[in-house]
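K.L.:
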Amino acid sequence: MAHAEHPVPVTARAKGPLCGRVRVPGDKSISHRAMIFGLLAIGETRITGLLEGEDVMRTAAAARALGAIVHHDGPGAWRVQGAGVGGLKQPEGLLDFGNAGTGSRLMMGVCGAHPITTTFDGDASLRKRPMRRILDPLELMGAVVVEQREGGRVPLTIRGPKEAVPITYRPPVASAQIKSAVLLAGLAAPGETTVIEAEATRDHTEKMLRHFGAEVTVTREGAHGRRVVLKGQPELQAAPIAVPADPSSAAFPLVAALIVPGSDILIESVMTNPLRSGLLATLREMGADITVESETNEGGESVATLRVRAGGLKGVTVPPERAPSMIDEYPVLAVAASFASGTTRMRGLQELRVKESDRLAAVEAGLKAAGVTCHIDGDDLVVEGGNGNVAGGGVAATHLDHRIAMSFLVMGLATQKPMQVDDGAMIATSFPSFIPLMNGLGAEIE
1 MAHAEHPVPV TARAKGPLCG RVRVPGDKSI SHRAMIFGLL AIGETRITGL
51 LEGEDVMRTA AAARALGAIV HHDGPGAWRV QGAGVGGLKQ PEGLLDFGNA
101 GTGSRLMMGV CGAHPITTTF DGDASLRKRP MRRILDPLEL MGAVVVEQRE
151 GGRVPLTIRG PKEAVPITYR PPVASAQIKS AVLLAGLAAP GETTVIEAEA
201 TRDHTEKMLR HFGAEVTVTR EGAHGRRVVL KGQPELQAAP IAVPADPSSA
251 AFPLVAALIV PGSDILIESV MTNPLRSGLL ATLREMGADI TVESETNEGG
301 ESVATLRVRA GGLKGVTVPP ERAPSMIDEY PVLAVAASFA SGTTRMRGLQ
351 ELRVKESDRL AAVEAGLKAA GVTCHIDGDD LVVEGGNGNV AGGGVAATHL
401 DHRIAMSFLV MGLATQKPMQ VDDGAMIATS FPSFIPLMNG LGAEIE
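So the sequence shown is numbered by full-length UniProt numbering: it starts at 1 and just counts up by one.
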């Protein structure tokens, strides 16, 4: 709500090549989960590299309200003394998640399986986002939705059962948030909780469950899916977590380096989990000059330093089954497609309509404000590339969406005229250092 009341317009303009070496902040998905598992484990979980954006800080505050003791030891360094599965306390007030869709949905899974009553709320953007897809499986597990806004939106109140019921659940859409909420609820249920995915989604929750001592089995299901089975009521043990750099945040300097002529940058320690690497695969198909300088493992996740150099891109068709591995990167991919030669068709983007904003409509409007020829065809976005030439000069409406804001600021670094976004305040939710980091590479964003 504060973002809407105090918009901060930001402008990006072409200046010259981007050069240098950077590390983007810690992965947002893993940072949320690190706080949540710290709450659910017995003992003290030490976290390094945590993303300290507003979204994750809301999850940290919720963990405190539910009984965790949370200490901040310095930049990215945190300690969480957990309450344990089954040990959550009744929060004294509502849990305000601000703009944090991931944090709120995952914590609904946690709270909805414990015998407590919890009220969830958030900012104007979060209040528009659908939560019914999370509430449906929780009700099957015994939770009662005491109060909700139309369509299952926040503010809403959930009362958990004395003991959750294990279920087998097929999410109606490919969503790591639905899968994770069900698995987190399944921790408090006896027996086995199973999630069957038609399309495999990011698997950070499964990896972290194992890291903390839960018994999880994952098998293939159909052509692209997975069956995840969790044995309930484990005693999770505290374990250290090193949070790798966020590939969704790395996407912004990466695409900027591809479209600003003469650029040559290194992005350190980027997570390269195959279920999060759809953007890299797509950009390489487009002819992008991206090379892996080194590859290691951090906290069970593969990470690499990426060297990115500017060069010509060509239009491609992005298959719909790739969407789960790059759902947050489509706005900045659309920016890259604007500078390519030929047509890029991004297929099966219905999930973009229910993100922080209707990202599909917001991207189309922003591209048109920059003079790009594009259109929405059903659930597809079709972009006609300008072969390196994009007029710019427009204002992109962000709709309180951090990724829309950053995408069009990246675009402005290579357009003929500057690009402005109507509000950059919400960038702090996921990438507080975005503007100084980009300007440190040679950009001009102010």
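Using N, Cα and C, we set each Cβ at its ideal position, and we do this for glycine too. Computed from a predicted model, the values in this text were never measured in an experiment.
Would you give the residue range spanned by the beta strand (DSSP E) that T120 belongs to?
P.N.:
Position 120 of the sequence shown, counted from the first residue, corresponds to residue 120. This sequence places Phe at residue 120; Thr is not what is there. That run of the beta strand (DSSP E) goes T117 to D121.
K.L.:
For the stretch 28-83, list the alpha helix (DSSP H) runs that are entirely contained and at least 4 residues long, ordered along the chain.
P.N.:
Within the stretch 28-83, the complete alpha helix (DSSP H) runs of at least 4 residues are 28-40 and 54-65.
K.L.:
Would you list the residues sitting across from E199 in a DSSP beta bridge?
P.N.:
One-based indexing of the sequence shown puts residue 199 at position 199. Per DSSP, none; premise fails for E199.
K.L.:
So, with DSSP's three-state summary, where would you put residue 501?
P.N.:
An answer regarding residue 501 cannot be provided, because it is not within the stretch 1 to 446 covered by the chain.
K.L.:
Is the stretch 110-120 touching the stretch 160-169, taking contact as three or more C-beta pairs under 8 Å?
P.N.:
Touching, yes.
K.L.:
Check each candidate in T59, K28, F434 and P9 and name the one with the smallest Cα separation from A256.
P.N.:
Position 256 of the sequence shown, counted from the first residue, corresponds to residue 256. Of the listed residues, the one whose Cα sits closest to A256 is F434.
K.L.:
Could you tell me how far apart the beta carbons of E221 and R227 are, in whole angstroms, since I believe they sit closer than 8 Å?
P.N.:
Here residue 221 is taken as the residue at index 221 of the sequence shown, counted from 1. Here residue 227 is taken as the residue at index 227 of the sequence shown, counted from 1. The Cβ separation is near 4 Å, so the contact holds.
K.L.:
Nearest-angstrom Cα distance between Y169 and L95?
P.N.:
Here the question's residue 169 lines up with position 169 in the sequence shown. Here the question's residue 95 lines up with position 95 in the sequence shown. So the two alpha carbons sit approximately 27 Å from each other.
K.L.:
Between the alpha carbons of G213 and I265, how many angstroms are there, rounded?
P.N.:
In the sequence shown, residue 213 corresponds to position 213, counting from 1. In the sequence shown, residue 265 corresponds to position 265, counting from 1. Those two C-alpha atoms are separated by around 39 Å.
K.L.:
I'd like to know if the stretch 391-410 and the stretch 420-429 are in contact, where contact means that at least 3 CB-CB pairs between them fall below 8 Å.
P.N.:
They touch, by the three-pair rule.
K.L.:
Measuring straight from C-alpha to C-alpha, what distance separates S269 and M107?
P.N.:
Residue mapping note: residue 269 aligns to position 269 of the sequence shown, counting from 1. Residue mapping note: residue 107 aligns to position 107 of the sequence shown, counting from 1. Straight-line Cα distance between these residues: approximately 28 Å.
K.L.:
Roughly how many whole angstroms lie between the Cα atoms of E364 and R129?
P.N.:
As a working note, residue 364 is residue 364 in the sequence shown. As a working note, residue 129 is residue 129 in the sequence shown. Looking at the two C-alpha atoms, the distance is approximately 20 Å.
K.L.:
With DSSP as the reference, identify every bridge partner of A12, one or two as the case may be.
P.N.:
For the purposes of this step, residue 12 is taken as the residue at position 12 of the sequence shown. Answer by DSSP bridge pairing, in chain order: M419 and I445.
K.L.:
With respect to the alpha helix (DSSP H) encompassing Q177, which residues constitute its N-terminal and C-terminal limits?
P.N.:
Here the question's residue 177 lines up with position 177 in the sequence shown. First-last of the alpha helix (DSSP H) with Q177: A176 to G186.
K.L.:
Out of curiosity, what's the CA-to-CA distance linking G440 and L135?
P.N.:
As a working note, residue 440 is residue 440 in the sequence shown. As a working note, residue 135 is residue 135 in the sequence shown. Cα to Cα, the separation comes out at about 44 Å.
K.L.:
Just the C-alpha distance for A223 and R359, rounded to the nearest angstrom, thanks.
P.N.:
The residue you call residue 223 lines up with position 223 of the sequence shown. The residue you call residue 359 lines up with position 359 of the sequence shown. Straight-line Cα distance between these residues: approximately 28 Å.
K.L.:
Counting along the chain, where does the alpha helix (DSSP H) carrying V110 start and finish?
P.N.:
By 1-based counting over the sequence shown, the position of residue 110 is 110. Per DSSP, V110 belongs to the alpha helix (DSSP H) from G101 to C111.
K.L.:
Between P432 and the rest of its own chain, which residues show a CB-CB distance below 6 Å, the 5 nearest in sequence each way excluded?
P.N.:
Residue numbering aside, residue 432 sits at position 432 when the sequence shown is read from its first letter. Correct list, in chain order: G53.
K.L.:
In this structure, does DSSP put N273 in helix, strand or coil?
P.N.:
Within the sequence shown, numbered from 1, the residue matching residue 273 stands at position 273. Correct three-state label for N273: coil.
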